[in-house]
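Following: one structure in structure tokens, then a few remarks.
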Amino acid sequence: MSLIIQNIINALNLGCLFALYALGVAMVFGILQLINFAHSSLIMAGAYTLVLTGSLPLWLRIVLALVVCVVLSLLLDLVAFRGVRGANPATLLVTSFGVSIAMASLAEALFGTLPMSTQVSEWLMSSWRFGQVFVPRVSVFTVLVTALLLIGLTVFLTKTSIGLQMRAASADFSTARMLGVNANRVISVAFVISGVLAAVASIFLLTSSGSVTPDFGVDAMLFGLVAAVAGGLSSLKGAAIGGLALGITSQVLQTALPLDVKPFRDAILFAAVFLLLVLRPSGIIRTSEGVRV
10 MSLIIQNIIN
20 ALNLGCLFAL
30 YALGVAMVFG
40 ILQLINFAHS
50 SLIMAGAYTL
60 VLTGSLPLWL
70 RIVLALVVCV
80 VLSLLLDLVA
90 FRGVRGANPA
100 TLLVTSFGVS
110 IAMASLAEAL
120 FGTLPMSTQV
130 SEWLMSSWRF
140 GQVFVPRVSV
150 FTVLVTALLL
160 IGLTVFLTKT
170 SIGLQMRAAS
180 ADFSTARMLG
190 VNANRVISVA
200 FVISGVLAAV
210 ASIFLLTSSG
220 SVTPDFGVDA
230 MLFGLVAAVA
240 GGLSSLKGAA
250 IGGLALGITS
260 QVLQTALPLD
270 VKPFRDAILF
280 AAVFLLLVLR
290 PSGIIRTSEG
300 VRV
């Protein structure tokens, strides 16, 4: 029984991490129809910020990581993406991928290829023990923060003026502009939210891994994209559900697969997502609104 409970805790932690990755991807896609591969660079930037500010109080390091990710996200929109708005999907995809490679190369030039280590929080790395069950504090906070962010996004998108404008823009951007929606403002807010989600993801990911390299956010971006596509790329609710489902399935496979098959866990996971999309091309959640939650 204790092993089952432990696996449930691990599955929820991984699922919430994947949900954070997926939400960051889906937020920008919902507005611009852009798969933002540079989201991995934001996660990497947040992690490097935490490493470089290791001597500062934790609360200040977290604030600085949030600021860096948000500012960098806005700069990417201004410098890289604003000029190609309205371009065909291939152009947007190549631009996004190119920005991601450029950011990774810049990090490699500045910090080298060797891992840079830090301890985000010794307290977070410890666990609560209940009999034979160990509950990592970072897992609890990952679940709680993800839940709070989902609730906050839901309230923001359904109860605020700018949130309603974002929902309208995601449904039909051209019509929304004709009705007076400020396109630049809506897109900027989407990138701000994406930056916040990237910063939060970097905090929890670095807490667990303890080190960062120039390709730090690549795996997170990959799993986030797969989760968002599986859940329904045009839906934040679908992205969150897809992330949870992908994380839980990954943990189940890690537990159930024979030892010699475990190295192929991710391949099996992606094959399952491929099968899902064959049977249900729109993903788990079917909706025409890009930021419906």
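Residues in the sequence shown are numbered from 10 upward in steps of one, following our numbering. Just so you know, even glycine gets a beta-carbon here, dropped at the ideal spot from N, CA and C. Source: prediction; values computed, not measured.
- By the criterion of a C-beta distance shorter than 8 Å, L285 is surrounded in its chain by A239, G292, I293, once the five residues flanking it on both sides are discounted.
- Looking at the backbone, the Cα of M125 and that of T216 are separated by about 13 Å.
- Assignment of P145 by DSSP, reduced to helix, strand and coil, places it in the strand class.
- Rounded to the nearest angstrom, the Cβ distance from L59 to T127 is 6 Å, consistent with a contact under 8 Å.
- Selection A180, T258, R274 evaluated against N22 yields T258 as nearest (Cα-Cα).
- If you look at F139, you'll find it in the beta strand (DSSP E) that goes 136-139.
- Counting of Cβ neighbours within 10 angstroms places A111 among the exposed residues, the total staying below 16.
- In the same chain as M175, and ignoring 5 residues on each side of it, the C-beta atoms closer than 7 Å to its own belong to I40, L166, V195, V198, A199, V300, in chain order.
- The alpha-carbon separation between G33 and V205 amounts to approximately 8 Å.
- For Q15, the enclosing alpha helix (DSSP H) covers residues 11-41.
- In summary, K168 is exposed, with fewer than 16 beta-carbon neighbours lying within 10 Å of its beta-carbon over all protein chains present.
- Within the DSSP bridge table, the entry for V221 names M125 as partners.
- Of I18, S11, I250, the smallest CA-CA separation from Q260 is found for I18.
- Distance between L173 and R138, taken at the CA atoms: about 44 Å.
- Excluding sequence positions up to five before and after F279, its CB lies within less than 8 Å of the CB of V235, all in the same chain and listed in chain order.
- Going by C-alpha positions, P267 is about 52 Å away from S183.
- DSSP, read as helix, strand or coil, puts S49 in helix.
- Boundaries cannot be given for I44, as no alpha helix (DSSP H) includes it and DSSP labels it neither H nor E.
- Scanning V149, M53, A276, L43 for the CA closest to the CA of P223 turns up M53.
- Taken in chain order, the complete alpha helix (DSSP H) segments of 4 or more residues contained in the stretch 193-254 are 227-240.
- Residue environment analysis places M10 among the exposed positions, since fewer than 16 neighbouring C-beta atoms fall within 10 angstroms of its C-beta.
- Under the three-state reduction of DSSP output, V190 falls in the coil class, being neither helix nor strand.
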